[in-house]
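Below is one structure, written out as C-alpha cells; comments come after it.
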Amino acid sequence: MAISYWRRRDRYYRLLGNKCTRCNAEYYPPVYICRRCGSESLIDAEMPGTGKILTYTILREVMSGFEGQQPIIIGIVQLDNGVKVLGQIVDTPIDALKIGCKVRTVFRKIREESSAGQIYYGYKFTVLC
Amino acid sequence: MPLNNSLIPFKGWVNFGLKTPKNAAIAGYGVYIPRYRLPSVEVARIWRGGEEAPLIKKAVASLDEDITTMAVEAARRAIKMAETKELGAIFVGTETKPYAVKPTSTIVAQALNQHKVLASDLEFACKAGTEALQLILALIGSGMIESGLAIGVDTAQGRPGDDLEFTAASAAAAYILSKRDVGSIAVVEGASSYVSDTTDFWRRAGQQYPRHLSRFTGEPAYFYHIQHAVKNLFDEFGYKPSDFKYAVFHQPNPRFPVEVALRLGFNLEQIKPSLLNPYIGNPYAANSLLGLAVVLDEASPNDLILVCSFGSGAGSDALSIRVLDGVEEKRRKAQNKVRDMIEASVEIDYATYAKLRGKIVA
Numbered sequence: 008m009a010i011s012y013w014r015r016r017d018r019y020y021r022l023l024g025n026k027c028t029r030c031n032a033e034y035y036p037p038v039y040i041c042r043r044c045g046s047e048s049l050i051d052a053e054m055p056g057t058g059k060i061l062t063y064t065i066l067r068e069v070m071s072g073f074e075g076q077q078p079i080i081i082g083i084v085q086l087d088n089g090v091k092v093l094g095q096i097v098d099t100p101i102d103a104l105k106i107g108c109k110v111r112t113v114f115r116k117i118r119e120e121s122s123a124g125q126i127y128y129g130y131k132f133t134v135l136c
Numbered sequence: 155m156p157l158n159n160s161l162i163p164f165k166g167w168v169n170f171g172l173k174t175p176k177n178a179a180i181a182g183y184g185v186y187i188p189r190y191r192l193p194s195v196e197v198a199r200i201w202r203g204g205e206e207a208p209l210i211k212k213a214v215a216s217l218d219e220d221i222t223t224m225a226v227e228a229a230r231r232a233i234k235m236a237e238t239k240e241l242g243a244i245f246v247g248t249e250t251k252p253y254a255v256k257p258t259s260t261i262v263a264q265a266l267n268q269h270k271v272l273a274s275d276l277e278f279a280c281k282a283g284t285e286a287l288q289l290i291l292a293l294i295g296s297g298m299i300e301s302g303l304a305i306g307v308d309t310a311q312g313r314p315g316d317d318l319e320f321t322a323a324s325a326a327a328a329y330i331l332s333k334r335d336v337g338s339i340a341v342v343e344g345a346s347s348y349v350s351d352t353t354d355f356w357r358r359a360g361q362q363y364p365r366h367l368s369r370f371t372g373e374p375a376y377f378y379h380i381q382h383a384v385k386n387l388f389d390e391f392g393y394k395p396s397d398f399k400y401a402v403f404h405q406p407n408p409r410f411p412v413e414v415a416l417r418l419g420f421n422l423e424q425i426k427p428s429l430l431n432p433y434i435g436n437p438y439a440a441n442s443l444l445g446l447a448v449v450l451d452e453a454s455p456n457d458l459i460l461v462c463s464f465g466s467g468a469g470s471d472a473l474s475i476r477v478l479d480g481v482e483e484k485r486r487k488a489q490n491k492v493r494d495m496i497e498a499s500v501e502i503d504y505a506t507y508a509k510l511r512g513k514i515v516a
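If you read the protein sequences in the order shown, they are chains U and L. Numbering-wise, this note's numbering puts 42 at position 35 of the first sequence, and it's gapless, one number per residue. Numbering-wise, this note's numbering puts 468 at position 314 of the second sequence, and it's gapless, one number per residue.
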C-alpha cells in the first residue's frame, strides 16, 4: 500500500475527519486549524454515514486501476452533519440518480494495483431512495 | 465407528459434546448479501444448451466487492445491533481471501476501529464461520475476552460450466458474542464437531477454481459428517428433533438440507424458514450462519434452534442455540432483516456476471 494511503486509511475506511472543540465545526478531510474560529484544538470525529447528493458527474474514461468500472459516477454528498465530501456512487443505475437522493456509505474496493499488487479499500456511496 | 465414510449403518456414537460456556451469548448479528442475482437458467443457457435448470438464483458480488468489503458491511450491522463498543477478538472464516498472505481480519479490525484484538483468518471450506463462532465463545468463556466478532464470508468460485457455477455465491454473516446479560439474543447450549479426512472438494494453492468429486460430495461427505455431528449432539445433551423449533443445515443446493433433515427426524416446518439456497445460492462459509440469522429474525424467546454446518475436507459443527428475551428489542432497534436484503436485488445476465466476477477482463 502506498505509504500516503496507509497514513490516511482511517479517513477512507471510516470517514474519519475532525471536530473543533471550541466551536464544534466538523471537517472532512481533517484540518489543522479550525476554519471558522481559528482554534488549533481539534479532535478526531467520524462523519455520519448518511447524507444526500448535491451534484454528480459521470466518467466514461477512467484512470489505470479503475478499468472495468466505467462508467463511474462521482458525486458530492452533503452528509447529515453538513460536511460535503466527494465520493463514488455505486450500485445505482444512472437513470435512477437524482440531485437530493439520500445515500449511505458502503465499504468497497477503490482500486487494485494489479493482480499481484495491493488492494485499496475505502468508502463509497449507495443510493437509498 | 467406521472412518472410511462408507455406507455402513452407524453402530454407535462417540460422546464428544463441546462444553460451551453458559456465560457467553450472541449479542448481535448482521448479514450482507450483494444485490446482484444470477438466475441458474442463465448458466444453463450458456453452458448446457438451455437445458432445464432449477429455479434458483445466486447472489453475485460486484466488481468492487470482495470478502473484506462484505465482512466489514456485515460486521458493522452486527455491532450496531449489539451496541458493542470494544471487541477482544475478530475471526474471519473464509476460503476466498483476496490476499493469499495478509490477514483479512486486520483490514476488518481497522475498518471497525478495533485494535486491541486477537485477529485471525480461518479456513475450513464452508464451515469456517461456525468455527469462528465457537472460538469466540471459548475465549469469552475462558475469561480471556469480554466480547468478540465471528464472521463467515465468501465470494465462492465455480469454474465456468461446472455444476458449482449454478450455486457458488457471495455473502457474509457476522455475529457479536459477549458476556451474557439481559440484552442477549441467544445462548449456545451445546456443540459437537465431527471431522474426517475426506477429499470431496478442494482447491490447490495457486488455483483459481476448486475441484470436486461430484456425487461423492453427498453421501460420504455432506450427509456422513452432518449426521455424525447432530447425532453426537443429541446423545451428549439428550436432545430429540422435536425439541427444536427450527433446524438450520448447510445448504449447498436446495435438495441436501431437506434430505438430511428428514433423515435425522426433523420435519419440513422446522427447516423451511432457513432455506435460502433458492434465493441466494451457496455463499460457502456464510451459508449456515445466514440460515441462523434469517431464523433469528423471526424466532421467539425460549425457541431452540439447531444449526449444523458442513465444510468439505471434511467436517461439521452442530450447535444447539436457545433464543433469549433480548432478541425482540434488538431486532426492533436494528430494523435490518435478512429477507429485506434478499428482496433488494437486481437480476443480471451471464455476460454481466462474467465481467463482475473477473471471468472476462479488459
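Where a beta carbon is used, it is the ideal one built from N, C-alpha and C, also for glycine. All figures in this text were calculated on a predicted structure; none of them were measured in a lab.
Asked: Cβ contact (3+ pairs, closer than 8 Å) linking the stretch 439-452 of chain L and the stretch 273-287 of chain L; Found: yes
Asked: For E33/U: DSSP bridge partner residues; Found: K26/U
Asked: Best match in K484/L, I475/L, P314/L, A472/L for proximity to R199/L [C-alpha to C-alpha]; Found: P314/L
Asked: CB contact flag (I180/L, L450/L, <9 Å); Found: yes
Asked: As assigned by DSSP and simplified to three states, the class of R118/U; Found: strand
Asked: Cα-Cα separation, P100/U to G419/L; Found: 47 Å
Asked: Neighbourhood of K109/U by C-beta, 6 Å cutoff - its chain only, sequence neighbours within 5 removed; Found: K59, L135, C136
Asked: Contacts that N267/L makes with chain U (C-beta to C-beta distance below 7 Å); Found: R21
Asked: Contact check, I251/L vs I221/L, beta carbons under 9 Å; Found: Correcting the residue identity first, residue 251/L is Lys in this sequence and not Ile. Against a cut-off of 9 Å, the Cβ pair of I221/L and K251/L comes out as a contact.
Asked: Any C-beta of chain L under 9 Å from that of V110/U; Found: no
Asked: CA nearest to the CA of G494/L, picked from I425/L, G469/L, I434/L, E423/L; Found: According to the sequence displayed, residue 494/L carries Asp and not Gly. Minimum Cα distance to D494/L is reached at I434/L.
Asked: For V336/L, three-class secondary structure by DSSP; Found: coil
Asked: For E423/L, the three-state DSSP class (helix, strand or coil); Found: helix
Asked: Rounded separation between M224/L and G75/U - CA only; Found: 20 Å
Asked: Best match in L23/U, T57/U, Y35/U, I40/U for proximity to G107/U [C-alpha to C-alpha]; Found: T57/U
Asked: S499/L, DSSP secondary structure in three states; Found: coil
Asked: C-beta neighbour in chain L for G94/U, strict 9 Å; Found: no
Asked: C-alpha gap between V384/L and Q405/L, whole angstroms; Found: 15 Å
Asked: Within-9 Å CB hit, A505/L to chain U; Found: no
Asked: Interface flag, Y151/U vs chain L, CB-CB below 9 Å; Found: The structure shown does not extend to residue 151/U, since chain U spans only 8 to 136, so no value can be given for it.
Asked: S347/L versus S470/L: straight-line alpha-carbon distance, rounded; Found: 6 Å
Asked: Cβ-based burial, D503/L [other Cβ within 10 Å; buried from 16]; Found: exposed
Asked: Backbone CA spacing between A52/U and Y34/U [nearest angstrom]; Found: 8 Å
Asked: Residues in the stretch 216-250 of chain L having any Cβ partner in chain U nearer than 8 Å; Found: S216, L217, D218, E219, D220, T222, T223, V226, E227, R230
Asked: Residue-chain proximity (I80/U, chain L), Cβ-Cβ < 9 Å; Found: no
Asked: Residue span of the alpha helix (DSSP H) that contains S442/L, given as start and end; Found: 441-450
Asked: Beta carbon proximity, Q381/L to chain U, threshold 9 Å; Found: no
Asked: For K212/L, the nearest candidate out of V515/L, K513/L, I496/L, I514/L (CA to CA); Found: I496/L
Asked: Cβ distance (whole Å) where A229/L is taken to contact V271/L below 8 Å; Found: Wrong, their Cβ atoms sit about 12 Å apart, outside the cutoff.
Asked: Separation of A325/L from Y19/U, as counted between CA atoms; Found: 23 Å
Asked: CB contact check: D102/U to chain L, cutoff 9 Å; Found: no
Asked: At least three beta-carbon pairs within less than 8 Å, the stretch 364-374 of chain L to the stretch 336-356 of chain L; Found: yes
Asked: Against chain U: residues of the stretch 421-449 of chain L by CB proximity under 8 Å; Found: none
Asked: Where the stretch 176-195 of chain L meets chain U: residues whose CB sits under 8 Å from a CB there; Found: R189
Asked: L216/L - DSSP class collapsed to helix/strand/coil; Found: Strictly speaking, residue 216/L in this sequence is Ser, with Leu absent from that position. Here S216/L sits in coil by DSSP.
Asked: Those residues which DSSP pairs with I170/U across a bridge; Found: Nothing can be reported for residue 170/U: it is not among the residues displayed for chain U, which extend from 8 to 136.
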